[in-house]
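The number in our numbering is simply the position in the sequence shown, starting from 1, with 26 added.
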Amino acid sequence: MALEGTRALAAALPEIVDDPSSHSARSLALYGAWLCGTCLGSVGMSIHHKLCHTLGGSFNLPHAETHTAVLPHAISYNAPRIPEAMKKLADVFPESNGDAIHGLNVLLSKLKVKTGLKDWGMKEEDIDKAADIAVGNPYWNPREIERTPIRELIRRVWAGEPARADL
27 MALEGTRALA AALPEIVDDP SSHSARSLAL YGAWLCGTCL GSVGMSIHHK
77 LCHTLGGSFN LPHAETHTAV LPHAISYNAP RIPEAMKKLA DVFPESNGDA
127 IHGLNVLLSK LKVKTGLKDW GMKEEDIDKA ADIAVGNPYW NPREIERTPI
177 RELIRRVWAG EPARADL
């Protein structure tokens with residue numbers, strides 16, 4: 027369900043950017059959003075959700091934009107521990123070239139979205155505080171939550187850098 031939802035959104039959203047009145051693209055986006063939203067009710071939350079709530083709640087950052095910026099970085103953080111899921115995810119992004127992180131970076135570029143938390147007012151000096159908050163309470167994640175790579179992840183999101191799998 028999650029893969030089909032992601033596939034639908036990856037196909038629909040660039041078309042909506044190009045033609046906001048496209049009924050077929052909007053219908054496909056609604057279908058994808060419904061599938062992905064339904065999945066949220068049956069899974070645990072991990073680093074992506076935790077970081078977004080930490081960043082949004084602590085630094086007054088906008089909800090949807092924060093989720094958009096953090097998503098590729100959170101996926102890249104967990105990538106070494108979820109290789110099968112990463113292969114499947116790569117298949118849903120048309121321009122992934124077999125790399126889910128690259129595919130998501132390409133999609134975000136096509137959507138012309140801002141991907142830097144500094145664009146919404148987070149200050150560079152808040153990166154350390156955000157990292158401390160993020161690692162402060164343990165929670166489930168496929169990969170152990172470690173401060174040094176989490177701090178670097180937050181720095182990259184703050185700067186608006188493309189995600190890459192080297193954390």
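Ideal placement from N, C-alpha and C gives every residue a C-beta, glycine not left out.
Since this is a predicted model, take the numbers as computed values, not measurements.
The alpha-carbon of residue 94 is positioned some 11 Å away from that of residue 137.
Taking C-beta atoms under 8 Å as the contact rule, residue 193 and residue 103 qualify, at a distance of about 5 Å. Contact between residue 127 and residue 190 holds: their C-beta atoms lie close to 7 Å from each other, under 8 Å. Under the DSSP assignment, residue 53 falls in the alpha helix (DSSP H) whose first and last residues are 49-66. By the CB criterion at 7 Å, residue 58 and residue 31 fall inside the cutoff. When the five nearest sequence neighbours on each side are left out, the beta carbons in the same chain lying within less than 7 Å of the beta carbon of residue 108 are those of 168, in order along the chain. Each residue's CA atom was taken as its position, placing residue 72 and residue 48 some 34 Å apart. In its chain, beyond the 5 residues on either side, 169, 191 have a beta carbon closer than 8 Å to the beta carbon of residue 106.
Sequence-distant Cβ neighbours of residue 125 in its own chain, meaning closer than 7 Å and more than five residues away, are 116. Assignment of residue 139 by DSSP, reduced to helix, strand and coil, places it in the coil class.
Between residue 70 and residue 166 the beta-carbon gap is near 5 Å, inside 8 Å, which marks them as a contact.
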